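Undergrad: Under this note's numbering, the very last position in the sequence shown is 259; numbers go up by exactly one each time. First, the structure itself, so that you have it in front of you.
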Amino acid sequence: MSSYVVTGASRGIGFEFLRQLSINPANTVIGLVRNVKSTEAKVTAEINRSNKASEATARITGGSIDYLIANGARLPEGSSFVGFGELGKNPTALEEELIAGCKTNVVGNVHLFNLFLPLILSGQQKKVIAISSGHADLDLISKYEIEVSGPYAVGKAATNAVVAKFGAEYAKDGVLFMSISPGVVETGHFNPAQLSENDRQSVGVLATKFRKYAPHFQGPMTPEASVKHVISVYEKASVANGDGGSFVSHLGTKQWL
């Protein structure tokens with residue numbers, strides 16, 4: 003059937019991509035992770051399918067892949083629930099965070115795309131998907147005063163520009179590049195037990211702003227629901243339909259929640 007490479011596949015959305023895409027035994031699905039052994043054990047225990055990552059990788063690098071899903075990203079913990087003004091009280095730490103995020107989330111994806119493009123160009127589907135975030139939408143930030151997660155938002159917005167540039171360069175070759183926000187997903191990031199009192203208050207304020215933006219919003223989705231939405235969006239998208247370089251939500255629109 004199809005071949006996939008998914009980065010950041012050790013947990014959360016990335017791991018859910020592995021699970022859903024590998025349901026079809028005809029698919030070849032390769033997950034790129036930092037800790038290979040623990041992820042292989044998790045795949046065996048939770049997905050309960052044979053794990054032949056090394057052999058599959060060898061086959062893919064010698065041939066082609068259909069989909070590249072760039073899910074891996076640096077998630078700054080200290081800046082998730084505060085704004086740049088608060089972060090600026092420690093300018094050294096703020097600068098280090100911005101540089102580290104840019105190196106991982108922006109430069110890292112540029113290298114990723116360039117490394118895998120020869121395989122994508124030889125594939126059938128020719129789709130490169132970057133997992134983005136509604137935090138990168140400038141209108142949402144301004145209209146609803148979403149001041150938190152500054153470094154993360156900067157990285158995602160810059161990655162969206164990278165995706166658009168690659169899309170412009172390779173559209174003539176039939177390669178679809180697009181950024182898709184997975185929505186608000188429950189991956190443990192909002193667990194009140196793991197947050198400080200100040201962070202819990204910030205989450206409450208953010209939730210109020212989210213409900214103002216989307217009155218139907220009831221809270222984070224499961225990774226399963228989010229990934230199903232994202233797959234549906236990129237399967238329907240194409241260069242011919244004008245989707246190249248686009249930045250959309252898990253709904254295929256500019257509605258982020």
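Ideal placement from N, C-alpha and C gives every residue a C-beta, glycine not left out. Note that this is a predicted model, so its numbers are computed, not measured.
Pick out whichever of Gln-126, Gly-74, Ser-66, Leu-70 has its Cα sitting closest to the Cα of Ala-11.
TA: Ala-11 has its Cα closest to that of Gly-74, out of Gln-126, Gly-74, Ser-66, Leu-70.
Undergrad: Less than 8 Å between the beta carbons of Gln-22 and Asp-68, yes or no?
TA: It is not a contact, given that the beta carbons lie outside the stated cut-off.
Undergrad: Going along the chain, which unbroken runs of the alpha helix (DSSP H) with 4 or more residues stay wholly within the region 170-249?
TA: Counting whole runs of 4 or more residues, the region 170-249 contains the alpha helix (DSSP H) stretches 199-215, 225-238.
Undergrad: Between the region 86-94 and the region 131-143, are three or more C-beta pairs nearer than 8 Å?
TA: Touching, no.
Undergrad: Assuming Ser-228 and Pro-184 make a contact with CB atoms under 8 Å, what is their CB distance in whole Å?
TA: With a Cβ gap of about 4 Å, Ser-228 and Pro-184 count as contacting.
Undergrad: Can you check DSSP and say which residues form a bridge with Leu-70?
TA: Val-7, Val-130.
Undergrad: Candidates Glu-147, Gly-157, Ile-122: which alpha carbon is nearest Ser-135's?
TA: Comparing Cα positions, the closest option is Gly-157.
Undergrad: Could you tell me which uninterrupted alpha helix (DSSP H) segments, each at least 4 residues in length, are contained entirely in the region 90-157, listed from first to last along the chain?
TA: Entirely contained in the region 90-157, the alpha helix (DSSP H) runs reaching 4 residues are, in chain order, 93-103, 110-123, 140-146.
Undergrad: With burial defined as no fewer than 16 other Cβ atoms inside 10 Å of the residue's Cβ, what is the status of Leu-117: buried or exposed?
TA: Exposed is the call here.
Undergrad: Residue range of the alpha helix (DSSP H) that Gly-33 falls in?
TA: Not the alpha helix (DSSP H): Gly-33 falls in the beta strand (DSSP E), residues 30-34.
Undergrad: Among Ala-28, Thr-189, Gly-87, Ile-131, which has the Cα closest to the Cα of Phe-246?
TA: It should be pointed out that residue 246 corresponds to Gly in this sequence rather than to Phe. When each option's Cα is compared against that of Gly-246, the closest is Ile-131.
Undergrad: Can you say whether Val-109 is buried or exposed, counting buried as having 16 or more other CB atoms within 10 angstroms of its CB?
TA: Exposed, because fewer than 16 other Cβ atoms sit within 10 Å of the Cβ of Val-109.
Undergrad: Between which residues of its own chain and Met-3 is the CB-CB distance below 7 Å, once the five residues before and five after are set aside?
TA: Excluding sequence neighbours, Met-3 sits near Asn-26, Ala-28, Asn-29.
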